[in-house]
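Taking this note's numbering, the leading residue of the sequence shown gets 1, the next gets one more, and so forth. Remarks on the structure that follows.
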Amino acid sequence: MQVDFYVLPEAGDAARELFCCRLAEKAWRRGVSVFVRTADEAGAERLDQRLWTFRPGSFVPHARAAEADGEPVLIGAEPPGSGELLINLGTDVPGGWQRWSRVAEVLSSDADTRRRGRERFRTYRDAGTAPNTHNL
């Protein structure tokens, strides 16, 4: 079990979503299945659109979890039971996170996101993992 915190220098959800797209693309190219957990339906819709447009010429096969048909990158509010990479854009620790090989938390520079990120960091640490922090 690996937990990574990616701390971005930019503020806002757009920065988090763009980094998430890049991370999902990198994982997919390495053959890793990905679930992106969003805080709400609006976030899932934004990310669905952004995965089509975040970089000219890029293609990341993805789908909303409710409409999935074998795509390697899924988007939704509640992750399935287990998998390889869970990217958390939600505001809390996802239920069942221990059943994933890897969890990635993406934090922007705004104060509320950092505060919630510190809370999640403590939760993971208190559960016996040693989260890694990547200041980008």
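Just so you know, even glycine gets a beta-carbon here, dropped at the ideal spot from N, CA and C. Bear in mind the structure is a predicted one, so any value in this text is a computation, not a measurement.
Between the CA atoms of residue j and residue i - distance to the nearest angstrom
i, j, result
"residue 56", "residue 64", "21 Å"
"residue 125", "residue 131", "7 Å"
"residue 101", "residue 81", "12 Å"
"residue 122", "residue 58", "36 Å"
"residue 133", "residue 4", "6 Å"
"residue 110", "residue 14", "12 Å"
"residue 48", "residue 127", "32 Å"
"residue 86", "residue 79", "8 Å"
"residue 9", "residue 114", "11 Å"
"residue 45", "residue 26", "21 Å"
Among the options, the one whose alpha carbon lies nearest that of residue i
i, options, result
"residue 107", "118, 66, 98 and 33", "118"
"residue 53", "100, 67, 20 and 1", "20"
"residue 29", "39, 76 and 62", "62"
"residue 94", "76, 110 and 48", "76"
"residue 33", "68, 14, 15 and 9", "68"
"residue 50", "18, 79, 113 and 7", "18"
"residue 7", "104, 85 and 44", "104"
"residue 31", "129, 73 and 113", "73"
"residue 35", "128, 120 and 71", "71"
Classification of residue i by the beta-carbon crowding that lies within 10 angstroms, buried from 16 upward
i, result
"residue 12", "exposed"
"residue 136", "exposed"
"residue 42", "exposed"
"residue 120", "buried"
Residue i - containing alpha helix (DSSP H), residue span
i, result
"residue 2", "Where residue 2 is concerned, there is no enclosing alpha helix (DSSP H), although the beta strand (DSSP E) it sits in stretches over 2-7."
"residue 111", "111-126"
"residue 105", "First-last for residue 105: 100-107, but that is the beta strand (DSSP E), not the alpha helix (DSSP H)."
"residue 22", "13-29"
"residue 50", "41-53"
Range of the contiguous beta strand (DSSP E) that encloses residue i
i, result
"residue 133", "132-135"
"residue 63", "62-64"
"residue 85", "83-88"
"residue 93", "Neither: residue 93 is in no beta strand (DSSP E) and is coded neither H nor E."
Expected contact under 8 Å - CB spacing of residue i and residue j to nearest Å
i, j, result
"residue 22", "residue 90", "Contact doesn't hold; Cβ gap of about 19 Å is too wide."
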